[in-house]
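K.L.:
Protein chains in written order, with the UniProt record's numbering: chain A, 1 to 254; chain B, 1 to 66.
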């Protein structure tokens, strides 16, 4: 692990964070998680059935993957804070992926409620990974209130539209001193590679893998894409130019 | 008295504490958390937590999502 992802002092060998939503069953999810190489995976908090089982937690424990609870479905800061507190109690972790969305049609983050919730949770000792819009101003404010990572969307959740505003993502990355994790909107491997090339520290995705025709194969593709994008980012791309520049010197007869 | 667990009304003994109500509901040994009337009640405090009639009990666990 010579280039670990570090969030709140913890090191992860993989820069691909996965979600568990959308998988048709646990066996498919298991194969995809293994292929992805992920070390951190989100789960949602929902009402337990009477006598219910916690299959996904058992699976993550078996695979040695850390469960990252999210606050998916929350619309207000109050809901998100309570959900995070319940997640901390249920999963015995103070890490939370904070998600406060405005409505069902867009699932876009509600910036006002999000910032409020982030501040409260940081004050309560949570390690907050905040899912946010691709707004450089809000991203910086989330960092300022103490979020351990900021996770701008590429495009709305589940759309697979990729990164609609690469410029904003670059701007967020350029000013951040906490990890920036591209979250949501990834459609295919090239989107994940682009996120890393733009300087993101990691990529979080779920649907692109779980709803792919072959989730296991797509998970492997995402793993490679994140690694390739990271290498490219570290290597430093050539500047873009208007006119051609020969890579061989001179002319044969000159 | 009646209490509401995960949105469903349920009749419990008048003197039942939270631990008794949850045991009857069938709460798993681990992986769940409980809120009563919007406040988290840590597992260690389930015994002895008294309930008012109509109390809203939420029992949450982790599921596939996100």
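Backbone N, C-alpha and C fix where the C-beta goes; we use that ideal spot for every residue, glycine too. What you are looking at is a predicted structure, and each value in this text was computed from that prediction instead of being measured.
Can you find at least 3 beta carbon pairs, one from the region 164-180 of chain A and one from the region 70-88 of chain A, that sit closer than 8 Å?
P.N.:
Because the criterion of three Cβ pairs below 8 Å is not met, the region 164-180 of chain A and the region 70-88 of chain A do not touch.
K.L.:
CB residue 40/A to CB residue 65/A, shorter than 8 Å?
P.N.:
Contact flag set, yes.
K.L.:
Let me check understanding here. Comparing Cα to Cα, which of 109/A, 124/A, 43/A, 74/A lies closest to residue 68/A?
P.N.:
Nearest C-alpha to residue 68/A: 43/A.
K.L.:
Under the rule that 16 or more other beta-carbon atoms within 10 Å means buried, what is residue 95/A, buried or exposed?
P.N.:
Counting Cβ neighbours within 10 Å, residue 95/A comes out buried, since at least 16 surround it.
K.L.:
Per DSSP, what kind of secondary structure is residue 33/B in: helix, strand or coil?
P.N.:
DSSP places residue 33/B in strand when its eight states are reduced to three.
K.L.:
Please classify residue 38/A: does DSSP put it in a helix, a strand, or coil?
P.N.:
Residue 38/A: coil per DSSP, three-state reduction.
K.L.:
In chain order, which alpha helix (DSSP H) runs of at least 4 residues are fully inside the region 77-147 of chain A?
P.N.:
Fully enclosed alpha helix (DSSP H) runs of 4 or longer: 77-91, 111-123, 136-144.
K.L.:
With 8 Å as the C-beta to C-beta threshold (strictly closer), list the residues of the region 27-51 of chain A near chain B in chain order.
P.N.:
Against chain B - using a Cβ distance shorter than 8 Å - the residues of the region 27-51 of chain A are 29, 42, 43, 44, 45, 46, 47, 48, 50, 51.
K.L.:
With DSSP as the reference, label residue 46/A as helix, strand or coil.
P.N.:
Here residue 46/A sits in strand by DSSP.
K.L.:
Show which residues of chain B have a CB atom less than 8 Å away from the CB atom of residue 101/A.
P.N.:
Under the 8 Å cutoff, chain B gives no residues; its nearest Cβ is about 12 Å from residue 101/A.
K.L.:
Can you tell me the Cβ-Cβ gap for residue 156/A and residue 107/A, rounded? I've got them flagged as a contact below 8 Å.
P.N.:
6 Å between Cβ atoms; contact.
K.L.:
When you compare the CB positions of residue 130/A and residue 142/A, do they come within less than 8 Å of one another, or not?
P.N.:
Cβ atoms of residue 130/A and residue 142/A: closer than 8 Å.
K.L.:
Inspect the beta-carbon positions of residue 44/B and residue 58/B and report whether they are closer than 8 Å.
P.N.:
Result no, Cβ atoms of residue 44/B and residue 58/B do not sit closer than 8 Å.
K.L.:
Contact criterion: CB-CB distance below 8 Å. Does residue 63/B meet it with respect to chain A?
P.N.:
Yes, residue 63/B counts as interfacial toward chain A.
K.L.:
Is residue 15/A buried or exposed, if buried means 16 or more other CB atoms sit within 10 Å of its CB?
P.N.:
So residue 15/A counts as buried.
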